[in-house]
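Enquirer: Residue numbers (the working numbering): 1063 to 1563.
Each residue gets a CB set at the ideal place from its N, CA and C atoms; glycine is no exception.
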Ligand SMILES: [Zn+2]
């Protein structure tokens, strides 16, 4: 029994011994051997990977990232009441409502709530995972609204800290509800997009001023909650965050236009807003009907508003959810008309017309794909060899590992790495490169640490960065001061060295 357990470890140790690498690489071989041994079971892999540096989570909806238990604790702390039939919370007592604290002892009712707002268990009625996921939000949106952005962000950043994450791009609000609504309410008609944009430009100053004050407040308040001295969006923060502005694809065309225009203006105005994204189910009838017109609007606004960063959900579809016609050009149009620098999910890629040509184009444009394994498994029933992970990899498309909605999906970034490692038989070096991708293809500004995207070729000023005793010289310090991306990439490489020592 003991021999059987030790034999694989002994073999790996011997293999590691004969690898001749510079001193700074020797520790990586040892970590790789421990990783290989841990791959035999999920708990061992969790134990190994939870402390492994992971770079960034680039696809994280903060509203879907809150664990249901924390929502419940918030409702109890603030003396909310719950309607046991609708599961809606309110601040005032009324006939038929129960105090939220009763849920702590009323286990069936607590379980009903936890089931409804997460993917943890069975789905009530005949709902699919897809329907259950998207219906979950209606039960907790009011509660999260009451919770406010600071507590939401503190939960997400706190969880990232526990998992050795270096950076986050979070889909969260970037201005007050009232300012957003003023900017988007009664949007201009879009028969003439130039005129519509001119009308929107008049609304920008009030929105931008509100957003600046709003994000300043988040910088102060979230840092205070986390006990961090630096603003939470500052590069001096241990896990800097950036925001991604989101526009629901289910909005009517004119409001969608106004939303994308506002998001791009906010991005131009403030570096804390890193990109614009679109959300809501792609298979929704409105999403399906409006996709082409939405891409034309994004194309127009992108060309008029400084070619901003876009990361767009695309191809979160299967034949169960969509006719084939929608999947034949969904990702291509999102790249070519939508100017997406990253694609969220990209699950339906195999159905695209001229697939080799599309993959070549994505590779040339360095378009990355944000992989969300737990989400795809629960919502689309796509996992293992039903997932296009290996198709993308074989084509040389850069991939990143992400959580999507870690609270609703009962996951976290560690678990996503575990799933990737086990589903696709990845090596420790593969996982490191996925972590490196998350910073290389992030929207952090500045030069990269790596030359031509090759992680083996560090900029000469940083050739020793992986050595444990490395210290930046004057040239390296000047570069660090000039590039936020490089700064976080250096932190990741140093974190690898620390992890592997
Ligand atoms: Zn998403």
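So residue 1463 and residue 1229 are supposed to be a Cβ contact under 8 Å. How far apart are they, rounded?
Expert: The Cβ separation is near 13 Å, so there is no contact.
Enquirer: To test your reading of the DSSP string, which unbroken beta strand (DSSP E) runs of 3 or more residues are found completely within the stretch 1292-1364?
Expert: For the stretch 1292-1364, whole beta strand (DSSP E) runs of length 3 or above, ordered along the chain, are 1303-1310 and 1335-1341.
Enquirer: Does the distance from the C-beta atom of residue 1452 to that of residue 1479 stay below 9 Å?
Expert: Taking 9 Å as the Cβ cut-off, residue 1452 and residue 1479 do not qualify as a contacting pair.
Enquirer: For residue 1371, which residues from the same chain have a beta carbon less than 8 Å from its beta carbon, with the 5 sequence-adjacent residues on both sides left out?
Expert: Answer for residue 1371: 1329, 1336, 1337, 1338, 1403 and 1505, listed in chain order.
Enquirer: Give the single residue among 1561, 1526, 1509 and 1529 whose Cα lies nearest to the Cα of residue 1543.
Expert: Considering only alpha carbons, the answer is 1509.
Enquirer: Run through the stretch 1146-1178 for me and flag every whole beta strand (DSSP E) of 3 or more residues, listed as ranges in chain order.
Expert: The qualifying runs do not exist here; there are none.
Enquirer: Taking the CB atoms as reference points, tell me whether residue 1128 and residue 1236 lie closer together than 9 Å.
Expert: Not closer than 9 Å, so no.
Enquirer: Which same chain residues, not among the five before or five after residue 1530, have their C-beta less than 7 Å away from its C-beta?
Expert: Cβ within range, chain order: 1559 and 1563.
Enquirer: Just to confirm, does residue 1467 get its C-beta within under 8 Å of one of the non-hydrogen atoms of ligand 1?
Expert: Flag set: Cβ of residue 1467 near ligand 1.
Enquirer: Rounded to a whole number of angstroms, what is the C-alpha to C-alpha distance between residue 1334 and residue 1157?
Expert: One C-alpha to the other measures close to 45 Å.
Enquirer: With a threshold of 8 Å, are at least 3 pairs of Cβ atoms found where one atom belongs to the stretch 1150-1167 and the other to the stretch 1256-1268?
Expert: With the cut-off at 8 Å, the stretch 1150-1167 and the stretch 1256-1268 do not touch.
Enquirer: Strictly by DSSP, which residues pair up with residue 1144?
Expert: Per DSSP, 1151 and 1160.
Enquirer: Just to confirm the assignment, what range does the alpha helix (DSSP H) spanning residue 1465 have?
Expert: That residue, residue 1465, is in no alpha helix (DSSP H); it is neither H nor E in DSSP.
Enquirer: Can you determine whether any heavy atom of ligand 1 sits closer than 8 Å to the C-beta of residue 1341, and answer yes or no?
Expert: Result yes, Cβ under 8 Å from ligand 1.
Enquirer: Under 7 Å Cβ to Cβ from residue 1135, same chain only, skipping five residues before and after it: list those, please.
Expert: There are no such residues.
Enquirer: With DSSP collapsed to three states, give me the class of residue 1491.
Expert: In the structure shown, residue 1491 sits in a helix (DSSP, three-state: H, G or I).
Enquirer: Taking the C-alpha atoms as reference points, what is the distance between residue 1277 and residue 1177?
Expert: About 33 Å.
Enquirer: Would you check whether ligand 1 has a heavy atom nearer than 8 Å to the C-beta of residue 1194?
Expert: Residue 1194 Cβ: outside cutoff for every heavy atom of ligand 1.
Enquirer: Rounded to the nearest angstrom, what separates residue 1251 and residue 1366 at their Cα positions?
Expert: Approximately 18 Å, taken between the alpha carbons.
Enquirer: Using three-state DSSP, classify residue 1503 as helix, strand or coil.
Expert: Note: residue 1503 maps to coil in three-state DSSP.
Enquirer: Quick one: Cα of residue 1320 to Cα of residue 1245, how far?
Expert: If you take the alpha carbons of residue 1320 and residue 1245, they lie about 8 Å apart.
Enquirer: Under the criterion of a Cβ to heavy atom distance below 8 Å, does residue 1349 qualify as lining ligand 1?
Expert: False, no ligand heavy atom lies under 8 Å from that Cβ.
Enquirer: Between residue 1285 and ligand 1, is the CB less than 8 Å from at least one heavy atom?
Expert: The answer is no for residue 1285.
Enquirer: Taking C-beta to C-beta, are residue 1377 and residue 1344 nearer than 9 Å?
Expert: Contact: yes.
Enquirer: Just mark residue 1200 as buried or exposed, buried being the case when its beta carbon has 16 or more other beta carbons within 10 Å.
Expert: Burial call: exposed.
Enquirer: Who pairs with residue 1404 in a beta bridge, going by DSSP?
Expert: Paired residue(s): 1373 and 1430.
Enquirer: Using a threshold of 9 Å, state whether the C-beta atoms of residue 1490 and residue 1093 are closer than that.
Expert: Taking 9 Å as the Cβ cut-off, residue 1490 and residue 1093 qualify as a contacting pair.
Enquirer: Have a look at 1382, 1488 and 1536 and flag the residue whose alpha-carbon is nearest the alpha-carbon of residue 1098.
Expert: Residue 1488 is the option with its Cα nearest to residue 1098.
Enquirer: Given that a residue counts as buried once 16 or more other Cβ atoms are within 10 Å of its Cβ, and exposed if not, what is residue 1105?
Expert: Exposed, since its Cβ has fewer than 16 Cβ neighbours within 10 Å.
Enquirer: Compute the Euclidean distance between the alpha carbons of residue 1144 and residue 1173, then round it to the nearest angstrom.
Expert: C-alpha separation (whole angstroms): 13 Å.
Enquirer: Does the Cβ of residue 1286 have 16 or more other Cβ atoms within 10 Å, making it buried, or fewer, making it exposed?
Expert: It is exposed - the Cβ of residue 1286 has fewer than 16 other Cβ atoms within 10 Å.
Enquirer: Taking the alpha helix (DSSP H) that residue 1475 falls in, what are its first and last residues?
Expert: 1475-1485 is the extent of the alpha helix (DSSP H) around residue 1475.
Enquirer: Quick check: what's the CA-CA separation for residue 1448 versus residue 1269?
Expert: If I take the Cα positions, the gap works out to 44 Å.
Enquirer: So residue 1405 and residue 1444 are supposed to be a Cβ contact under 8 Å. How far apart are they, rounded?
Expert: With a Cβ gap of about 15 Å, residue 1405 and residue 1444 do not count as contacting.
Enquirer: Give the DSSP bridge partners of residue 1118, in chain order.
Expert: Paired residue(s): 1229.
Enquirer: Is residue 1483 closer than 9 Å to residue 1475 when the C-beta atoms are compared?
Expert: It is not a contact, given that the beta carbons lie outside the stated cut-off.
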